[in-house]
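To start, the structure itself, in structure tokens.
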Amino acid sequence: MAYKHIVIVGGGAIGGITAALLTQQGEEVVVVDADQAHVAGMNKGLEVTGFHELTIPVKTMSTTEFTGQDYMGWADIALIAVKGLHTEKALKSIVPSIKVTAPVVSMQNGINEETIAGIVGAKRTIGCSITWGGTNKAPGQLIQTTEGGFIIGQWPTGKSKIVDETALLLSKAFPTEISDNIIGDRWTKLLITASLTGVGTTAGLTYGGVIANETALKVALTVITETYDVGKAADVQFADLMGVSPSIVLVRNNEDFLKAAKLMDFAFAKHGATKPSMWQDIEKGRRTEVDFVNGYVMKKGKEVGVKTPANELVTRVIKEIEDGKKSPGVKNLEEFDSIITHLK
45 MAYKHIVIVG GGAIGGITAA LLTQQGEEVV VVDADQAHVA GMNKGLEVTG FHELTIPVKT
105 MSTTEFTGQD YMGWADIALI AVKGLHTEKA LKSIVPSIKV TAPVVSMQNG INEETIAGIV
165 GAKRTIGCSI TWGGTNKAPG QLIQTTEGGF IIGQWPTGKS KIVDETALLL SKAFPTEISD
225 NIIGDRWTKL LITASLTGVG TTAGLTYGGV IANETALKVA LTVITETYDV GKAADVQFAD
285 LMGVSPSIVL VRNNEDFLKA AKLMDFAFAK HGATKPSMWQ DIEKGRRTEV DFVNGYVMKK
345 GKEVGVKTPA NELVTRVIKE IEDGKKSPGV KNLEEFDSII THLK
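Note that this note's numbering has the sequence shown beginning at 45, numbered continuously upward.
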């Protein structure tokens with residue numbers, strides 16, 4: 045069956061741009077968003093710039109409006125594009141408005157599929173890794189900053205008809221691949237989010253800035269190594285990154301670091317200007333989703349008995365930044381000296 049009614053929860057860069065492109069293709073989309081100025085802007089005409097250029101009205105409303113009587117059991121599929129810290133509340137609020145068979149797709153940073161599966165069941169949960177980037181410019185204005193597409197799969201592994209049907213839908217917006225090991229794809233994406241976004245937010249650096257700063261890169265690669273070790277201990281089979289195993293950038297000594305540094309410089313050359321999303325949140329006075337990124341690695345590490353000092357410190361520093369006790373800056377990297385001594 046085709047998905048006739050589509051709800052996208054969260055009208056930021058990922059949810060909003062996807063909604064605009066699906067709407068342009070004639071799909072019946074409703075976006076649910078909490079920012080009233082953005083809701084008004086999207087209804088009037090959402091302006092997308094960057095790798096896509098269009099202005100199109102996108103039907104957008106508040107949660108209260110969407111969960112009213114007119115939309116009871118309306119949605120055939122739900123795409124969740126809110127920050128990790130809002131996942132549970134956002135999904136539970138729209139459950140009455142989605143069909144009991146509707147798949148729910150996590151289009152988010154971190155591993156939120158576990159939360160979603162706990163609410164609607166694993167059979168209805170679809171994981172999604174996003175390989176393009178975007179940012180909010182202003183209410184009703186979004187920018188696609190990098191090219192890419194979607195990788196989706198049945199949570200946590202396997203194949204399903206709902207994934208095939210979801211791929212057909214999402215491919216109308218972006219190139220969409222299907223994975224039968226989406227948990228591996230999500231953990232591979234987590235390696236990058238925890239390292240370049242987590243450390244970049246801590247140090248006030250873009251992705252390129254992290255890679256160009258030796259200390260920041262040592263911290264980032266240590267975060268990757270910890271995250272990989274936690275995933276492996278949890279029996280995760282990591283997906284390849286750009287065609288190669290992410291294990292090639294694990295660092296146990298200085299020799300490993302010198303090799304990994306060259307690989308990171310090459311692999312992320314096109315993404316150097318990317319500004320960490322958590323840093324953007326801090327600049328806007330919002331709470332970050334660090335608990336669902338580095339904090340998630342920390343929590344999983346405790347479950348499987350793997351120590352995660354770098355992820356723990358990234359989490360603590362970002363929380364101190366959120367609380368106004370610190371500001372993003374390279375000076376924060378001094379706190380990691382004892383954690384990266386093995387790379388000197």
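All residues carry an ideal CB built from backbone N, CA and C; glycine is no exception.
Between residue i and residue j, what straight-line distance do the alpha-carbon atoms span, to the nearest angstrom?
i      : j      : result
Arg330 : Glu364 : 13 angstroms
Asn338 : Ala247 : 15 angstroms
Gly117 : Ile50  : 12 angstroms
Asn355 : Asp114 : 45 angstroms
Lys328 : Gly178 : 16 angstroms
Gln80  : Ile236 : 32 angstroms
Leu265 : Thr108 : 43 angstroms
Thr99  : Val361 : 39 angstroms
Gly184 : Trp323 : 21 angstroms
Val76  : Ser106 : 5 angstroms
Ala46  : Ser289 : 35 angstroms
Ala278 : Val341 : 11 angstroms
Gly202 : Ile195 : 14 angstroms
Gly253 : Tyr272 : 23 angstroms
Glu378 : Val102 : 46 angstroms
Asp224 : Gly193 : 17 angstroms
Glu97  : Val350 : 46 angstroms
Ile58  : Gly89  : 17 angstroms
Gly197 : Leu213 : 14 angstroms
Lys314 : Gly112 : 44 angstroms
Asn257 : Lys388 : 14 angstroms
Lys343 : Glu72  : 39 angstroms
Met308 : His386 : 19 angstroms
Ala78  : Asn87  : 14 angstroms
Excluding the five sequence neighbours on either side, which residues of its own chain have a C-beta within less than 8 angstroms of the C-beta of residue i, listed in chain order?
i      : result
Asp335 : Gly128, Leu129 and Thr359
Phe95  : Trp176, Gln188, Thr189, Thr190 and Glu191
Asn156 : Ile124, Gly128, Thr131, Ser150 and Phe336
Ala119 : His49, Ile50, Val51, Val74, Ile138, Ser141, Ile142, Lys143 and Ala146
Gly154 : Gly128, Leu234, Thr237, Glu333, Phe336, Val337 and Tyr340
Ser204 : Lys167 and Gln198
Phe110 : Val51, Val74, Val76, Ile138 and Ser141
Between residue i and the rest of its own chain, which residues show a CB-CB distance below 6 angstroms, the 5 nearest in sequence each way excluded?
i      : result
Val149 : Leu123, Ile170 and Cys172
Thr93  : Ile187
Gly345 : Val274 and Thr352
Pro320 : Thr241, Gly244 and Thr245
Thr159 : Thr131 and Glu132
Ile206 : Pro147
Thr269 : Leu294 and Val295
Use the C-beta contact count for residue i: other C-beta atoms within 10 angstroms, 16 or more gives buried, fewer gives exposed.
i      : result
Glu347 : exposed
Lys375 : exposed
Lys369 : exposed
Phe282 : buried
Phe310 : exposed
Ala182 : exposed
Asp284 : exposed
His82  : buried
Ser291 : exposed
Glu299 : exposed
Gly55  : buried
Leu302 : exposed
Gly85  : buried
Gly60  : buried
Ser382 : exposed
Ser371 : exposed
Arg168 : buried
Met286 : exposed
For residue i, which beta-bridge partners are listed by DSSP?
i      : result
Met105 : Val76
Ala182 : Gln185
His49  : Glu72
Ile196 : Cys172 and Ile222
Ile121 : Ile50
Val92  : Leu98 and Leu186
Ile142 : Ala119
Leu285 : Val288
Val350 : None, per the DSSP bridge assignment.
Val334 : Beta-bridge pairing links Val334 to no other residue.
Ser389 : Residue 389 falls outside the range modelled here, since the chain spans only 45 to 388, and no answer is possible.
Between residue i and the rest of its own chain, which residues show a CB-CB distance below 7 angstroms, the 5 nearest in sequence each way excluded?
i      : result
Ala305 : Leu261
Val280 : Ile227, Gly228 and Trp231
Gln69  : Lys216
Lys233 : Ser173
Leu384 : Correcting the residue identity first, residue 384 is Ile in this sequence and not Leu. Contacts found: Lys262, Val263 and Thr266.
Ala211 : Ile196, Thr220 and Ile222
Got a sec: is the Cβ-Cβ distance from residue i to anything in chain C below 8 angstroms?
i      : result
Gln113 : In the structure shown, chain C does not exist; there is a single protein chain.
At least three beta-carbon pairs within less than 8 angstroms, the region 131-150 to the region 56-73: At 8 angstroms Cβ cutoff, the stretches do not touch.
contact_flag[the region 158-166, the region 211-223] where n(CB pairs < 8 angstroms) is 3 or more: Short answer: they don't touch.
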